[in-house]
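Enquirer:
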Amino acid sequence: MNNEEKISDLREKVIASPRKVSVARTRLEWLFDDNSMEEIGSEVLHRSYDFGLDKKRFPGDGVVTACGLVDGRPVFAYAQDRTILGGSLGEAHARKISKLQDLAMQSGAPFVAINDSGGARIQEGVDSLGGYGEIFRRNVLASGVVPQISLIMGPCAGGAVYSPALMDFVGMVDGSSYMFLTGPKVIKTVTFEDITVEELGGGKTHSATGVANLLFQSDKEAIDQTRKLLGYLPSNNRESPPFLETKDSHERMDVDFHELVPADPKKPYEIRQIVDLIFDKDSFFEVHKIWAENLVVGFARLGGHVVGVVANNPGHLAGVLDIDSSRKGARFIRTCNAFNVPLVSIVDVPGFMPGRHQEHGGVIDHGAKLLYAYCEARVPKLSVILRKAYGGAYIVMSSKHVGGDINLAWPNAEIAVMGAAGAVEVLNRREIKAADDPLAKTEELKEVYDTKFLNPDIAASRGYLDAVIEPHETRRKLIRYLEILHSKREWMPPKRNANPPM
Ligand code: HXC
88 MNNEEKISDL REKVIASPRK VSVARTRLEW LFDDNSMEEI GSEVLHRSYD
138 FGLDKKRFPG DGVVTACGLV DGRPVFAYAQ DRTILGGSLG EAHARKISKL
188 QDLAMQSGAP FVAINDSGGA RIQEGVDSLG GYGEIFRRNV LASGVVPQIS
238 LIMGPCAGGA VYSPALMDFV GMVDGSSYMF LTGPKVIKTV TFEDITVEEL
288 GGGKTHSATG VANLLFQSDK EAIDQTRKLL GYLPSNNRES PPFLETKDSH
338 ERMDVDFHEL VPADPKKPYE IRQIVDLIFD KDSFFEVHKI WAENLVVGFA
388 RLGGHVVGVV ANNPGHLAGV LDIDSSRKGA RFIRTCNAFN VPLVSIVDVP
438 GFMPGRHQEH GGVIDHGAKL LYAYCEARVP KLSVILRKAY GGAYIVMSSK
488 HVGGDINLAW PNAEIAVMGA AGAVEVLNRR EIKAADDPLA KTEELKEVYD
538 TKFLNPDIAA SRGYLDAVIE PHETRRKLIR YLEILHSKRE WMPPKRNANP
588 PM
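Given below as structure tokens:
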């Protein structure tokens, strides 16, 4: 046997050893590039004696912690092993994770957590709780420094869901992953309520609550998509996201822009079709796909550069802004700003959703989150108004007034405090009542209002819009402006911490 054969033989034996083979280890091997994974702390043991734990010691203490490469870039990751004490987190298990978080932060490399755990290890009491506190604090320290992605791959409870909630992205696997603070068994003993794990905290449930940003059909898909997601993010906040040369022409112009957006501002259409036309072919990676579909957000590439897309979707609730879409947009914009991802906003918005449910649900507070996020973002901010931008939603959606760098509009874009019907109702009620033919009078007044306000001319003449462009020019114009703005630097006043309405 030559040296290489000996190494290969040894490796086979190591892989074949039952102690080394586990679902947790396999998940991490899928995550990292072939042969690049190195484990850290695989021999660590817990040192608890209570409740018979002295007879249940397992090397690694129920979590595999490792570093390796993803597409050639360093990443730190851990995977919990549900077959060992339910993947529960005791003192030693927690120390392994905290050490990995420190290494990720100090090395400026992303941190990926594969959670499959019943939460704090009950037998270890306060040591388990303290262990979670250490992890949570490091999640917060790392927030905005290195990307943090959590994948839920099993029933996860307590701290095993709070740490993910502090991270940038949470992915779940449909039908096999669950998130809750307390599981059905504990709920039954406290409130006598019967509820299944799926109902309580399944993938679909949390895609609808907004807790999960990403929903996958299998563990393998979750990991493959996480590798893809990492490709849109820089390793840390001092770097730019990876540039990827595109075969899609920068100068591509499509007549479909004219056909897919109906001229009537009340007619619905699916904004994802427009997103696909504007950005590099097949580059759109949608986040929070199932939640608040009236606002579509995700990463894409434009001329090879990564951008964050924020697009009103007239195909769902007319594209109105409401509580959930404001929360969704704000969260995504802050993630982009943290990691130097320029923002491109595609605007077609009738305003904020009126109504008791929204007002009592705190739309003032939640809407302010989106406004805050746009005002605070210092990355390049580009926008295109396709059809309409009314009222508060005009201001919020990356307008010049909240710091938009380049604001474009299509020739028929309507910018006004509100649509003609609402405006005439407020301004001309008496005049209409006194008219011989109130209906004809209403139409006449709406016509006057439309001519005056419902076009981009006034905004362009004030410089609130930088250019009125033909729809088919949208892609090439955005690429040109983006490439020039790429080196943009903007400063914020020094402060201890910003105080968003979170
Ligand atoms: C110790 C645990 C455990 C835990 C599960 N196990 N959770 N051991 N501490 N927290 C063990 C079980 O005893 C069992 O061991 C094995 O793991 C598998 O558990 P099952 O219940 O049989 O599995 P399943 O039916 O799939 O249910 C999974 C579960 C349930 C829904 C997660 O185990 C559960 O509800 N666990 C408790 C969840 C919880 O309330 N955790 C504490 C949260 S407080 P054996 O030996 O029988 O195979 C917390 C503090 C931080 O985390 C809070 C921050 C806000």
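Under my numbering, the first residue of the sequence shown is numbered 88, with each subsequent residue one higher. A virtual CB, placed ideally from N, CA and C, is assigned to each residue, including glycine. Because the structure is a prediction, the values reported are computed rather than measured.
Using the rule of at least 16 other Cβ atoms within 10 Å of the residue's Cβ for burial, across every protein chain shown, is Y461 buried or exposed?
Expert: Taking the sequence shown and counting its residues from 1, the one referred to as residue 461 is at position 374. Buried, since its Cβ has 16 or more Cβ neighbours within 10 Å.
Enquirer: Just to confirm my understanding: we take V50, look at its own chain, exclude 5 residues before and 5 after, and list those with CB closer than 6 Å. What are they?
Expert: The first residue shown for the chain is 88 and the last is 589, placing residue 50 beyond what the model contains.
Enquirer: F145 by DSSP, collapsed to three states: which one?
Expert: Numbered from 1 along the sequence shown, position 58 holds the residue referred to as residue 145. Three-state DSSP puts F145 in coil, outside helix and strand.
Enquirer: Quick check on N202: does DSSP put it in helix, strand or coil?
Expert: Working through the sequence shown from its first residue, we reach residue 202 at position 115. DSSP places N202 in strand when its eight states are reduced to three.
Enquirer: Would you check if there are 3 or more beta carbon pairs closer than 8 Å linking the segment 434-450 to the segment 535-555?
Expert: no
Enquirer: Which class does N427 belong to by DSSP, given the choice of helix, strand or coil?
Expert: Within the sequence shown, residue 427 is the residue found at index 340, counting from 1. Residue state, collapsed to three classes: coil.
Enquirer: If we count the other Cβ atoms within 10 Å of its Cβ and call it buried at 16 or more, is F256 buried or exposed?
Expert: For the purposes of this step, residue 256 is taken as the residue at position 169 of the sequence shown. When all chains shown are included, F256 counts as buried.
Enquirer: Have a look at I239 and P580 and give me their C-alpha separation to the nearest angstrom.
Expert: As a position in the sequence shown, residue 239 is number 152, starting the count at 1. As a position in the sequence shown, residue 580 is number 493, starting the count at 1. Straight-line spacing of the CA atoms in I239 and P580 works out to 38 Å.
Enquirer: Could you tell me if the beta carbon of L541 falls within a distance shorter than 7 Å of some heavy atom in the ligand HXC?
Expert: Here the question's residue 541 lines up with position 454 in the sequence shown. Checking every heavy atom of the ligand HXC against the Cβ of L541, none is found closer than 7 Å.
Enquirer: Considering only the beta carbon of each residue, do L331 and R421 sit closer than 8 Å?
Expert: As a working note, residue 331 is residue 244 in the sequence shown. As a working note, residue 421 is residue 334 in the sequence shown. No, Cβ-Cβ distance for L331 and R421 is not below 8 Å.
Enquirer: Which residues in the same chain as P587 place their Cβ atom closer than 6 Å to its Cβ, once the five residues preceding and following it in sequence are excluded?
Expert: Position 500 of the sequence shown, counting from 1, holds the residue named residue 587. Hits under 6 Å: Y459.
Enquirer: With DSSP run on the structure shown, which of helix, strand or coil describes F372?
Expert: One-based indexing of the sequence shown puts residue 372 at position 285. Here F372 sits in strand by DSSP.
Enquirer: Spatial neighbours of S185 within its chain, please: CB distance less than 8 Å, with the 5 preceding and 5 following residues excluded, ordered by chain position.
Expert: In the sequence shown, the residue the question calls residue 185 occupies position 98. Within the same chain, S185 has close Cβ partners G218, E221, I222, R225.
Enquirer: Around the Cβ of Q188, are there at least 16 other Cβ atoms within 10 angstroms (buried) or fewer (exposed)?
Expert: Counting from one through the sequence shown, the residue named residue 188 turns up at place 101. Counting Cβ neighbours within 10 Å, Q188 comes out buried, since at least 16 surround it.
Enquirer: Evaluate P105 with the Cβ neighbour count: other Cβ atoms within 10 Å of its Cβ, from every protein chain shown; 16 or more gives buried, anything less gives exposed.
Expert: Counting from one through the sequence shown, the residue named residue 105 turns up at place 18. Its pLDDT being 48, under 50, P105 is placed unreliably by the model, and nothing is read from it.
Enquirer: Consider the C-beta atom of T283 and the heavy atoms of the ligand HXC; say whether any pair is separated by less than 7 Å.
Expert: By 1-based counting over the sequence shown, the position of residue 283 is 196. No heavy atom of the ligand HXC is found nearer than 7 Å to the CB of T283.
Enquirer: Provide the residue(s) that pair with H403 in DSSP beta bridges, ordered along the chain.
Expert: Position 316 of the sequence shown, counting from 1, holds the residue named residue 403. Paired residues: none, contrary to the question.
Enquirer: To the nearest angstrom, how far is the alpha carbon of E346 from that of H337?
Expert: For the purposes of this step, residue 346 is taken as residue 259 along the sequence shown, with counting starting at 1. For the purposes of this step, residue 337 is taken as residue 250 along the sequence shown, with counting starting at 1. Going by the C-alpha atoms only, they are around 21 Å apart.
Enquirer: From L287 to Y265, what distance separates their C-alpha atoms?
Expert: Residue 287 sits at position 200 when you count from the first residue of the sequence shown. Residue 265 sits at position 178 when you count from the first residue of the sequence shown. When rounded, the distance between both Cα atoms is 8 Å.
Enquirer: Return yes when the Cβ of V362 is within less than 8 Å of the Cβ of A405, no when it is not.
Expert: Against the sequence shown, residue 405 aligns to sequence position 318. Against the sequence shown, residue 362 aligns to sequence position 275. Cβ atoms of A405 and V362: not closer than 8 Å.
Enquirer: Within the chosen definition, does the segment 483-491 reach the segment 512-520 through at least 3 CB pairs nearer than 8 Å?
Expert: no
Enquirer: Just reading off the beta strand (DSSP E) that K475 is part of, what are its end residues?
Expert: Counted from its first residue, the sequence shown places residue 475 at position 388. Segment 468-477, the beta strand (DSSP E) holding K475.
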